[in-house]
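The next block holds one structure in the form of structure tokens; read it before the comments.
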Amino acid sequence: MSVTAPLAKATSAQNRSRFGVLSLRPHIRWGGAIGWAWVALVLLFIYAPTLVIVGASVDPGKYLANRAFLQFPPHGFTLHWYVSIPPSLWKSVWISFELAAAVAVGAVIVGVPAALGLVRAKFRGRSIAAGIFRTPLQIPFIVTGIAFLQTLQWLDGTLGLRLQSSFSGLYLAHLFVATPYVISAAGSAIAQLSPRLDEAAASLGATRWRTLWRVTLPLILPGIFAGAMFAFLVSFTDVTIAVFLVPDDMTTFPVWVYSSIQNDLDSSLPALSTLVFLFSIAAIILLQRVVGLEKVLRGSGARG
Amino acid sequence: MYKLSMPLLALLATFGAGAADAQTATPHFDNVTLRVATFAGSWPDLIKAELSAPLEAAGIKLEFVPGTSAQFLAKLVASKGQAAPFDVVEIADEDYPDFRTGKFIRQIDLKQIPNLSHLNASLYDDYHVANWLSEPSIVYDVDKFKAAGIPAPNKFSDLEDPRLKRRVLVADISSYISYYEITGLAYENGGSEKQPEAGFAALKAITPHSATSAIGQVAQLFQSGDIWAAIWPAHIAQRLAAAGLNVSVVHPHIQGKQVAIARGYVGITTNSEQSAAAEYYINAILAPAVQTRFYQVGGLTPVNNDVLQTISSSAALDKSGVPFVKLRPEDVANAWWPDYTMINRRDWSRQFDRVLATN
Chain A
1 MSVTAPLAKA TSAQNRSRFG VLSLRPHIRW GGAIGWAWVA LVLLFIYAPT
51 LVIVGASVDP GKYLANRAFL QFPPHGFTLH WYVSIPPSLW KSVWISFELA
101 AAVAVGAVIV GVPAALGLVR AKFRGRSIAA GIFRTPLQIP FIVTGIAFLQ
151 TLQWLDGTLG LRLQSSFSGL YLAHLFVATP YVISAAGSAI AQLSPRLDEA
201 AASLGATRWR TLWRVTLPLI LPGIFAGAMF AFLVSFTDVT IAVFLVPDDM
251 TTFPVWVYSS IQNDLDSSLP ALSTLVFLFS IAAIILLQRV VGLEKVLRGS
301 GARG
Chain B
305 MYKLSMPLLA LLATFGAGAA DAQTATPHFD NVTLRVATFA GSWPDLIKAE
355 LSAPLEAAGI KLEFVPGTSA QFLAKLVASK GQAAPFDVVE IADEDYPDFR
405 TGKFIRQIDL KQIPNLSHLN ASLYDDYHVA NWLSEPSIVY DVDKFKAAGI
455 PAPNKFSDLE DPRLKRRVLV ADISSYISYY EITGLAYENG GSEKQPEAGF
505 AALKAITPHS ATSAIGQVAQ LFQSGDIWAA IWPAHIAQRL AAAGLNVSVV
555 HPHIQGKQVA IARGYVGITT NSEQSAAAEY YINAILAPAV QTRFYQVGGL
605 TPVNNDVLQT ISSSAALDKS GVPFVKLRPE DVANAWWPDY TMINRRDWSR
655 QFDRVLATN
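The listed protein sequences derive, respectively, from chains A and B.
Number 36 in our numbering belongs to position 36 of the first sequence; there are no gaps in the numbering.
Number 366 in our numbering belongs to position 62 of the second sequence; there are no gaps in the numbering.
Encoded structure:
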């Protein structure tokens, strides 16, 4: 088949739609190959650093001790670095995970009602309120970290409330920066809902709470889920705020990684990073099997 | 005859036994928690491995506050006038003037730290005690230099060789090492800490590959061959050599002194309520076992002269038999470092960023 044949076929009369617009169906074969190639390139761009880390994690290193230089491509294969991950590094991953999960939950609890109020309620200054809720995203994290450090210290000094250098203090700071993501994502989902659904539920005798619980929330679940994911990621990966507020005798995983790269070369870091990556993949697969990602991403009810 | 009552006998016996014990017993603390602000990552693990058991036996429980000297200073500023967020604090050389000016550290009772007798007098004073050293120097790839026909460098300014354009890695201004490279270049070109312009001009003339504060990046760039030389502490050369690279180290002479020494200090915070335990900890960290471990694991130069004496005979050598790190006590005693009281750090940051931006 010649190169121009698909084009000729595409422009032939039988491939014109009822409105005379050129049909693209014959191009799918060519477009499909290019499309897949493009997707492959984008995936490679996104995952190439991860693949390097995974590859380096099994490299024996030119100096088999805890301070070896790891290479990619690996010049051998060993699982030595996986079994020699120090307990303090595992502890830091657990602390980060706990913190991020708590922040995601807290951001949803705070953010969803805020989003409902901003989208559905009519009050003066609504746009100003929306702007205020977005402010944490516009403040550099280093400023947020220092501001919380000073504020928590002041609270200790004036009210005797000891939150600095504590899990709670770091949690509050992360909640501050993570909640706007939930408000934004949930707010977008709420804005797309037709208010007529609420009216229909009310006309069928549902109370406002029942309508919220049985109609509104299931429909905006994709937005909530997306916001919660962002909140989790913002907390799990934060270094800038954590370095000021990290609790005594606890180091979050990103702070551990940052410090190791600055001051030392712990060879078990690529191994643990690989495990964290595999855990994320496993979590997504489990979510798909148990809940069904499509259901979560598309919503479980009818749209307006 | 006076008959001693049983309770009095018991009391005397206890006193006698206690007196005898006091001559040989280590100080005992009443289960105090000592908060030590030090580097994050595996550094606290290293200290815990050596000191947890003996300190707990003495009644001290260690708790680590992770961060850097600058972050600790920020926390002390935030908590000024209140209870200290930690008791012992790791102080970087360049931050020490700020710690003193802000009165964030208190005087140390040096008599409680007998291990100071093993340190060079320049490594401690009433307010801070050095617990590790590093040696900013020129680390270079011998094979790359030979292949390019470039003679081995002797001083920082030798890195201006046009054949080394974009092949030299310098320390970022956020790292203490940068103060050594700028000071060194300044003195080599007629300047000083107070007049660093000559140093910045020389830095520009070097046309560096990039600037970094991360040891990981230095190692990777050497391994990939992207850089042929770096201004970095000498101990990285040991690890590069162990990884198979043919590297060597040059310690440029500045003001008649050969070795550059960067000192990591510990101090006791002003509002700490555990100063006695803190002094006990500082003494423990100067002990030979801990100092040896700092060298073996981190490659840091010990401050304890006895340890220096012991390990200098087994120091790692480059392929031509020259030690990477200067480990003799007399080298440490005859070292140079920038006078931080004469350095305007904000101005230096601005000038450094300008040099890199126009690189």
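Glycine residues also receive a C-beta, built at the ideal position from the N, C-alpha and C atoms.
Quantities reported herein were computed from a predicted structural model and do not represent experimental measurements.
- Cutoff 7 Å; reference residue 155 of chain A; Cβ partners in own chain excluding five residues on either side: 161, 163
- Have a look at the DSSP bridge pairing and note the partners of residue 445 of chain B. B/551
- Beta carbon proximity, residue 379 of chain B to chain A, threshold 9 Å: yes
- In this structure, does DSSP put residue 607 of chain B in helix, strand or coil? coil
- Straight-line CA distance for residue 188 of chain A to residue 118 of chain A? 11 Å
- Message: Can you tell me whether residue 430 of chain B is buried or exposed? The criterion is at least 16 other CB atoms within 10 Å of its CB, across all chains shown.
- Response: exposed
- Query: In angstroms, rounded to a whole number, what distance separates the CA positions of residue 525 of chain B and residue 531 of chain B?
  - Reply: 6 Å
- Task: Could you work out which residue in A/234, A/180, A/258 is closest to residue 115 of chain A when comparing CA atoms only?
- Result: A/180
- Report the rounded CA-to-CA distance for residue 570 of chain B versus residue 510 of chain B, giving the unit in angstroms. 35 Å
- Item | Cβ neighbour criterion (16 or more within 10 Å) applied to residue 190 of chain A | buried
- Message: Under DSSP, the alpha helix (DSSP H) around residue 359 of chain B begins and ends at which residues?
- Response: 347-361
- Any 3 or more C-beta pairs closer than 8 Å across the region 166-186 of chain A and the region 201-210 of chain A: no
- Message: Rounded to the nearest angstrom, what separates residue 565 of chain B and residue 453 of chain B at their Cα positions?
- Response: 30 Å
- Item | Environment of residue 513 of chain B [buried if 16+ CB atoms lie within 10 Å] | buried
- Query: Are the CB atoms of residue 150 of chain A and residue 382 of chain B nearer to each other than 9 Å?
  - Reply: yes
- If you draw a straight line from the C-alpha of residue 134 of chain A to the C-alpha of residue 582 of chain B, how long is it? 45 Å
- residue 301 of chain A at chain B interface by Cβ criterion, 9 Å: Reliability fails at residue 301 of chain A, whose pLDDT of 44 lies under 50, so the model's placement of it is uncertain and the value that follows must be treated cautiously. Not one chain B Cβ lies under 9 Å of residue 301 of chain A.
- Query: Considering only residues of the same chain and omitting the five flanking positions on each side of residue 601 of chain B, which have a CB-CB separation below 7 Å?
  - Reply: 350
- Between B/611, B/621, B/619, B/554, which lies nearest to residue 676 of chain B when the distance is taken from Cα to Cα? Nothing can be reported for residue 676 of chain B, as the shown portion of chain B is limited to 305 through 663.
- Message: Taking the alpha helix (DSSP H) that residue 560 of chain B belongs to, which residues open and close that run?
- Response: Premise fails: residue 560 of chain B is in no alpha helix (DSSP H) and is neither H nor E.
- Query: Are residue 61 of chain A and residue 267 of chain A touching if we call contact CB-CB under 9 Å?
  - Reply: yes
- Enumerate in chain order the residues of its own chain whose CB-to-CB distance from residue 630 of chain B is below 7 Å, with the five nearest sequence positions on each side excluded. 439, 555, 563
- At least 3 beta-carbon pairs within less than 8 Å: the region 362-374 of chain B vs the region 382-402 of chain B: yes
- Under 8 Å between beta-carbons, which chain A residues line up against residue 349 of chain B? List them in chain order, please. 86, 88
- Item | Sequence-distant residues of the same chain with beta carbon closer than 7 Å to residue 612 of chain B, five excluded per side | 606, 631, 632, 633, 636
- Say whether chain A places a C-beta atom closer than 9 Å to the C-beta of residue 371 of chain B. yes
- Compare the Cα-Cα distances from residue 462 of chain B to each of B/533, B/424, B/416 and report the closest residue. B/533
- Does DSSP put residue 339 of chain B in a helix, a strand or coil? strand
- Please go through the same chain and pick out, in chain order, the residues whose beta-carbon is closer than 7 Å to the beta-carbon of residue 186 of chain A, but skip the five residues on each side of it. 111, 112, 115, 220, 223, 224, 227
- On a CA-only basis, which of A/290, A/229, A/49, A/263 is nearest residue 102 of chain A? Give me that one, please. A/229
- Status (buried if at least 16 other CB within 10 Å, exposed otherwise) for residue 548 of chain B: exposed
- Task: List the residues of chain A that residue 403 of chain B touches, going by C-beta distances under 9 Å, in chain order.
- Result: Those do not exist, as residue 403 of chain B stays about 17 Å from chain A at its closest Cβ, beyond 9 Å.
- Mind checking whether the beta-carbon of residue 507 of chain B lies closer than 8 Å to any heavy atom of the ligand SAM? Because no ligand of any kind appears in the structure shown, any question about the ligand SAM cannot be addressed here.
- Chain-ordered residues of the region 244-256 of chain A with a beta carbon less than 7 Å from chain B: 244, 246, 248, 249, 251, 255, 256
- Straight-line gap, residue 59 of chain A to residue 215 of chain A (C-alpha atoms, nearest Å): 53 Å
- Spatial distance of residue 539 of chain B from residue 546 of chain B (CA atoms): 11 Å
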